[in-house]
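Okay, so here's the structure we're looking at.
2 protein chains.
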Amino acid sequence: MRKFKFLLGGVFALAAQWAAADEGMWTFNQFPAAKVEAAYGFKPDEAWLKQLQLASVRIAGGCSASVVSPTGLVMTNHHCARECIQNLSGLRKKDFNRDGFIARKPSEEPRCPGMEMNQLTAISDVTQAVRDATQNAAPAQFNDLQKAAIANIEKNCATSDEWRCDVVTLFRGGEYNLYKYRRLQDIRLVFAPEDQIAFFGGDPDNFNFPRYDLDVTFLRIYGADGKPWASPNYLPFSKTGVKEGELTFVSGNPGGTSRGMTVAQFQDQRDMRLPNVLMQLSQTRGWLSEYQQRGKEQLRHSNDDLFGIENSLKALRGQHEALADANFWGLLQKNESEFRRKIITTPALFAQYGDVWDSIAALTVKAQQQRKALNALEGNFGSTLMGIARTTWRHAEEKTKPNGERLPEFADARLPELVQGVLSDAPIYKELEIAKLTYGLTKLREDLSPDHPVVKKLLGNSSPQQLATVLIKGTRLHEIKTNAKGEAVGGLRKTLWDADAATLAASTDPLLKFAASYDAEARAARKRSEEEVQGPLKKQQERLAQARFAVYGTGIYPDATFTLRLSYGRVVGWEENGTVVPPFTDFAGAYQRHTGAEPFALPTTWLKARDKVDLKTPFNFVTNNDIIGGNSGSPMVNQKGEVIGLVFDGNIHSLGGEYGFDARVNRTVAVHTQALLEALDKVYPAGHIATELRKAQRP
Amino acid sequence: MRKFKFLLGGVFALAAQWAAADEGMWTFNQFPAAKVEAAYGFKPDEAWLKQLQLASVRIAGGCSASVVSPTGLVMTNHHCARECIQNLSGLRKKDFNRDGFIARKPSEEPRCPGMEMNQLTAISDVTQAVRDATQNAAPAQFNDLQKAAIANIEKNCATSDEWRCDVVTLFRGGEYNLYKYRRLQDIRLVFAPEDQIAFFGGDPDNFNFPRYDLDVTFLRIYGADGKPWASPNYLPFSKTGVKEGELTFVSGNPGGTSRGMTVAQFQDQRDMRLPNVLMQLSQTRGWLSEYQQRGKEQLRHSNDDLFGIENSLKALRGQHEALADANFWGLLQKNESEFRRKIITTPALFAQYGDVWDSIAALTVKAQQQRKALNALEGNFGSTLMGIARTTWRHAEEKTKPNGERLPEFADARLPELVQGVLSDAPIYKELEIAKLTYGLTKLREDLSPDHPVVKKLLGNSSPQQLATVLIKGTRLHEIKTNAKGEAVGGLRKTLWDADAATLAASTDPLLKFAASYDAEARAARKRSEEEVQGPLKKQQERLAQARFAVYGTGIYPDATFTLRLSYGRVVGWEENGTVVPPFTDFAGAYQRHTGAEPFALPTTWLKARDKVDLKTPFNFVTNNDIIGGNSGSPMVNQKGEVIGLVFDGNIHSLGGEYGFDARVNRTVAVHTQALLEALDKVYPAGHIATELRKAQRP
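Printed below as a string of structure tokens:
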């Protein structure tokens, strides 16, 4: 379960009416320790929280992870490191996703191209400063003014490339907090199991339980000195494991939830946005899976894409099914009516906030009208090279502007991450790029119609496939040279990135010229959206958040924002159609589920190890922690702060968690730490990693 | 715009509140001639109606057509004859869909494998007989009792293989009519233009206007004597063409509409059924379009499938968008509240019908629960060979039962059509069949879960692709031999079709064994649906229809049922975003839209003929006739009963016509007869067909 960064829309404050036992993705600086104490008799103190915070790291691409040894060993999910593993496979002409990877010593640990991790070091409140900047602003100006203020705050905080600073909008404008991160950019691969066991059961079992997945990859953080990162902030593995009913904490980065949306916005999700995205993902799934029939190489280099598409598809389908469920929908409606009734029946509140729902509904309609053009023109048509071309083109212009006036992703505080992505030497497969761009351009024509001026200009007399073939075959933007540290040192891509606008305008690279040809229209669409929808919506949602605080107080948690959150809960099964689903599975179950045919085929290593492993070893388990996509790779710890599990999924009912938490059935799925140690020791020749983990354990 | 027979669900009575000028798909025996006279000053009489009825023919696969010469020449759409054209291409190793086809004389007209047309000869009312059979029946028995009564009525009517008789449920049980058809089974190909001009603009322009399509194919009906069918019931081409504002009639077979559904059922469509079908079609579209990259042969043999998928996808997407539109939805809700209010405020009606909406809502929920399993087990997993295997297996059992107890498609009156399909020599492409079955089995596992007993039994230790490959490669059910008349005379398929159950049980054909292995479960799922959903729903919908008659009287039209209907209207454009769309296009516009790249590439014949044709020739035009998928190929006639156009599509707003007719924007799209004659004369060497058409004209 990964964060679907590109798919998720806005992020809103939580409707407090849903609050139930153990619900909530809490920020570390407003964690309800007293509430936990009341329920479980344990109260996390400041030091406990701080250690967990600093040992938790975020993967820039959209996952969570944790440091689990004093020499920088990092634990995350296999599906969070797939891109690294696939990139390394491409560079070495191997297939490490299929075959697994084990470094026997640090010198065998290869660097993941373009991978970055962030450690959250400090949180501070900047609500007043952000709000002052937009006081009395006209709706159309709101976005620009806020953007400038935020860029300024972030720049002053990120004093060097070592730091990343984000102003995070909590409660959709109820609060603005500044999150300061240490950037960790030298990440190397230590251990990955085979895809077959990391994702045993494949798409059919995804988001299901009982489950039998060793969804783990170990990485290692290296410091600027080229040595393993020695940090005192790590989480030791528990020696005792975990029992049913035991208190559990999950520290990670839930990507986004929409629990605080208004009903008009839920309706937009159910009737417009989700059906469209689901159709697009379905079609992509279709052509990608058939593309894999072209040959082994195509199978290998598109596997990561297909995994991502199927994962998103299943997750969003679950979200849609939740909204399509009459009971769930009824609850969403009821929550809003109760909230509105409280506003309506208090004259002062009504005068101040009475119109906010209608305002948001009107802006939602406007967003619908603009959505297709905006997504098409700002979406790079699904092609990596196209994204590189467009970012390169814009960079030349943006870098000449004052910090506060740039597109947010080009602001000083964010630029390093952008550069890391554009100038990485991750392999690019032109055959796949042609297929992606063909699909993207076909969708462009479908969404805007063949008669739209931009479509006419871009396609001219070509078919999408003809055009995509010419552009991708002709471009040299794939050319990049990096040094041992992963820094770009040469190649056309690097040259163009450093060039000024005049030089780029004179370039004959067909893809760069193509990107340039519609940049004015794309910028205009984005500007229009910011002025007419996003800015005004931010303003209305600030008001909605204030109304919510006025009615429900501040003891509520904000919607997820792909920032560090802490959830508490316990190990517990659930009832499915009258049958209780027990919370644990074991190794024996995996062997029982093996049929020999993908995706129910155990790898040879596991089949060979059958007599060696303890079949009673707990494998996966479930808890009622409140998580969502982006929490993948999160450490699960006990009250001693020791790792007991590795979060990798939610059950099918967890998907509705996007819009509300159903305490009866929403469950987190994790790999048991004993499964990790048993596999490292007995299935793989990786006892040295188990030893490193055991050394870190407390006596 | 074809009938999507396999996609459409139930058929319901019309909500009279939608009624507006020119709206309605009227039956020929209850045509509102007085209403037409009041609006247009012309009153069609009995003879006029009868001639039009008898000259209209239905294509069994899901289209409309008309006889246009005294020697059996039939006009329909190219997209209605695609399957015939593709089948003939396969048999002759040509690509007639791509290159077009012209027979210079009758001896060059090849027979379309498996194609059948039906001429509606008589309509009679059998409401009383059908209703008597189910009087006082328990809900679970309703379906069986009605099925037996209907099979009996149909059998008594269809006295030989020359006839087909269908009891048609109108107003969803408000009336039952017996439709008697002459079966026309020797259909031959006369003329087809190239795909490029028949479907110029392709999927992007589908359901759009302005339009420039020569979407025509001429076929010829042959009699049992092997000679062209000489019938006095044909429609001559008009000599004068048609003007803006002129009265127009469309006679054809709209496949199905759902205007009389309840809001609970609309909700099911919007939130459950349509999103699921749209995702399936999208995924199929994806893999089919990528499958076409395998090579030229694969491109050719899958083109018809891809066309059908994209056509359905766009149509159903339009339906979903209509339901997702807040205004449209509001109108549906308002219609129902008004209807219900009238029932509620009349004590006698309330006592009789007050509970019908809730009953239907409850049955809709039950249908949702059963839908996935039912569709999966009864859907042949999308494979033609699988369908043949299953039908063959069931036939051996069904033919030993009394007529009234068989599955309806095996009843005496329906069996000939079934045989015509199963024993046709239409080519089968095993490579494509493997791909389809792989997809279908993957969906089966996805829909029912890998742990469902049937899924476990069917897949065993195989992946869907492994299993599909073994089954399709191993089966010999593709083996069929036919004589010149298209009758099956040999091959394993024919042998097994004629065999008894014991012989089939002993067969080693892997696909037949596979079909047999889950037939009990499939029958049980169907039975359960009939007893728990379909029967009870029929009963409730009879009551709903009676309630509607009680409130609105009988001067309303029934929802479409893929039976012959007559619509009246006029040539008129519409307003789109404040701009008026004029009703006619001409040849010049087609040349302007030509870019040279598919699907905007005119064929060479047209490029060469540019200087010969009259560029002012009207090409396509729109009217406000009320039609829907299934009306493709319908003749459009003037008040003299002369053909002025060939219906081939609706505009994008027509798609909402599934649920309600929006008179302001819903438009029918037709090919102008002058375009047909000009193209036959000057673009193609087909002047002999133009001559045949002109000979038939009235002086």
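In the order they appear, the protein sequences are chains A and B.
Everything in the first sequence is counted per my numbering, starting at 14 for the first residue and increasing by one.
Everything in the second sequence is counted per my numbering, starting at 14 for the first residue and increasing by one.
Backbone N, C-alpha and C define an ideal beta-carbon position, used for all residues, glycine too.
B:ILE641 - DSSP class collapsed to helix/strand/coil: As a position in the second sequence, residue 641 of chain B is number 628, starting the count at 1. B:ILE641 falls in the coil class under three-state DSSP.
Under 8 Å: do the region 545 to 560 of chain A and the region 220 to 230 of chain A share three or more Cβ pairs, one atom per stretch? no
So, helix, strand or coil for A:SER542, using DSSP? As a working mapping, residue 542 of chain A is identified with position 529 in the first sequence. A:SER542 falls in the helix class under three-state DSSP.
Look up B:HIS685 in the DSSP assignment and give the residues it is bridged to. Counted from its first residue, the second sequence places residue 685 of chain B at position 672. Paired residues: B:GLY658.
For A:GLY75, is the classification buried or exposed, using 16 other Cβ atoms within 10 angstroms of its Cβ as the cut-off for buried? Mapped onto the first sequence, residue 75 of chain A falls at position 62. Burial call: buried.
Using a Cβ-Cβ cut-off of 8 Å, state whether A:MET292 counts as contacting chain B. Residue numbering aside, residue 292 of chain A sits at position 279 when the first sequence is read from its first letter. At least one chain B Cβ lies under 8 Å of A:MET292.
Hey, could you find the ends of the beta strand (DSSP E) B:CYS76 is sitting in? To locate residue 76 of chain B, count along the second sequence from 1; it is residue 63. Taken as a continuous stretch (DSSP letters only), the beta strand (DSSP E) holding B:CYS76 covers 76 to 80.
Taking 8 Å as the threshold (C-beta atoms), are B:ASN644 and B:VAL660 in contact? Counting from 1 along the second sequence, the entry for residue 660 of chain B is found at position 647. Counting from 1 along the second sequence, the entry for residue 644 of chain B is found at position 631. Going by C-beta atoms, B:VAL660 is nearer than 8 Å to B:ASN644.
Is B:LEU525 helix, strand or coil by DSSP? Against the second sequence, residue 525 of chain B aligns to sequence position 512. DSSP places B:LEU525 in helix when its eight states are reduced to three.
Tell me, please, whether the region 603 to 614 of chain B touches the region 691 to 701 of chain B by the rule of three or more beta-carbon pairs shorter than 8 Å. With contact defined as three or more Cβ pairs closer than 8 Å, the region 603 to 614 of chain B and the region 691 to 701 of chain B are not in contact.
Contained alpha helix (DSSP H) runs [length at least 4] in the region 154 to 241 of chain B, N- to C-terminal order: 208 to 211 and 215 to 218
Using a cut-off of 8 Å between C-beta atoms, extract the partners of B:GLU459 located in chain A. Here residue 459 of chain B refers to the residue found at position 446 of the second sequence. Neighbours of B:GLU459 on chain A, chain order: ASP216 and PRO217.
DSSP-derived helix/strand/coil call for A:PHE575: By 1-based counting over the first sequence, the position of residue 575 of chain A is 562. Looking at A:PHE575 - three-state DSSP - the assignment turns out to be coil, as it is neither helix nor strand.
Using a Cβ cut-off of 8 Å (strictly closer), state whether A:GLN296 contacts chain B. Here the question's residue 296 of chain A lines up with position 283 in the first sequence. A:GLN296 counts as touching chain B.
Do three or more CB pairs link the region 279 to 299 of chain B to the region 324 to 341 of chain B at distances below 8 Å? yes
Outcome for A:SER120 when other beta-carbon atoms lying within 10 angstroms are tallied against a minimum of 16: Taking the first sequence and counting its residues from 1, the one referred to as residue 120 of chain A is at position 107. Counting the other Cβ atoms within 10 Å of the Cβ of A:SER120 gives fewer than 16, which makes it exposed.
If you reduce the DSSP assignment to three classes, tell me which class B:ARG536 lands in. For the purposes of this step, residue 536 of chain B is identified with residue 523 of the second sequence, where counting begins at 1. The answer is helix: DSSP assigns B:ARG536 an H, G or I state.
Just grab the DSSP bridge partners of B:ALA501 for me. Start at 1 with the first residue of the second sequence, and residue 501 of chain B comes out as number 488. Answer by DSSP bridge pairing, in chain order: B:THR495.
List the DSSP bridge partners of A:TRP39. In the first sequence, residue 39 of chain A corresponds to position 26, counting from 1. Bridge partners of A:TRP39: A:LEU579.
Which parts of the region 55 to 139 of chain A are runs of the alpha helix (DSSP H), unbroken and 4 residues or longer, counting only runs that do not cross its ends? Runs found: 59 to 68, 95 to 105 and 109 to 112.
Say whether chain D places a C-beta atom closer than 8 Å to the C-beta of A:TRP242. Absent from the structure is chain D; the protein chains it does hold are A and B.
Option in A:ALA389, A:GLY236, A:ASN219 and A:ARG419 with minimal Cα separation from A:LEU461: Here residue 461 of chain A is taken as the residue at index 448 of the first sequence, counted from 1. Residue A:ALA389 is the option with its Cα nearest to A:LEU461.
By Cβ distance below 6 Å, which residues in the same chain neighbour A:LEU509 in space, the five residues on each side in sequence not counted? Residue 509 of chain A sits at position 496 when you count from the first residue of the first sequence. The residues are THR405.
Closer than 8 Å to chain B by CB, A:ASP284: Residue mapping note: residue 284 of chain A aligns to position 271 of the first sequence, counting from 1. So yes, A:ASP284 belongs to the interface.
B:ALA171 vs B:LEU158 beta-carbon contact at 8 Å: The residue given as residue 171 of chain B occupies position 158 in the second sequence. The residue given as residue 158 of chain B occupies position 145 in the second sequence. For B:ALA171 and B:LEU158, no; Cβs fall outside 8 Å.
So if DSSP puts A:GLU50 in a beta bridge, which residue, or which two residues, is it bridged to? Translated into positions along the first sequence, residue 50 of chain A becomes position 37. Answer is none; A:GLU50 lacks a bridge partner.
Let me confirm a value: B:GLN433 is counted as buried when at least 16 other C-beta atoms fall within 10 Å, else exposed. Which label applies? For this step, residue 433 of chain B is matched to residue 420 along the second sequence. With 16 or more other Cβ atoms within 10 Å, it is buried.
In the DSSP assignment, the alpha helix (DSSP H) including A:THR598 goes from what residue to what residue? On the first sequence, position 585 is the one that residue 598 of chain A refers to. Where A:THR598 is concerned, there is no enclosing alpha helix (DSSP H), although the beta strand (DSSP E) it sits in stretches over 597 to 599.
Measure the C-alpha to C-alpha separation of B:GLU257 and B:ALA52 and round it to an integer number of angstroms. What you label residue 257 of chain B is simply residue 244 of the second sequence in a count that begins at 1. What you label residue 52 of chain B is simply residue 39 of the second sequence in a count that begins at 1. Going by the C-alpha atoms only, they are around 16 Å apart.
Chain-ordered chain B contacts of A:TRP300 [CB-CB under 8 Å]: The count along the first sequence starts at 1 and reaches residue 300 of chain A at position 287. Within chain B, the residues near A:TRP300 are GLY299, TRP300, SER302 and GLU303.
Per-residue burial, A:SER437 [other beta carbons within 10 Å of its own, 16 or more giving buried]: Within the first sequence, the letter at position 424 stands for residue 437 of chain A. A:SER437 comes out buried.
Residue burial classification, B:ASN590 (beta-carbon count within 10 angstroms, cutoff 16): Position 577 of the second sequence holds residue 590 of chain B. Exposed.
Backbone secondary structure at B:MET292 - three-state DSSP: By 1-based counting over the second sequence, the position of residue 292 of chain B is 279. The DSSP-derived three-state label of B:MET292 is helix.
Could you tell me whether the Cβ of A:ASN474 comes closer than 8 Å to any Cβ of chain B? Translated into the one-based positions of the first sequence, residue 474 of chain A becomes position 461. True, the Cβ-Cβ gap to chain B drops below 8 Å.
Backbone secondary structure at A:LYS708 - three-state DSSP: On the first sequence, position 695 is the one that residue 708 of chain A refers to. Here A:LYS708 sits in helix by DSSP.
Return the CA-CA distance between A:ASN165 and A:GLY673, expressed in angstroms with no decimal places. As a position in the first sequence, residue 165 of chain A is number 152, starting the count at 1. As a position in the first sequence, residue 673 of chain A is number 660, starting the count at 1. About 35 Å.
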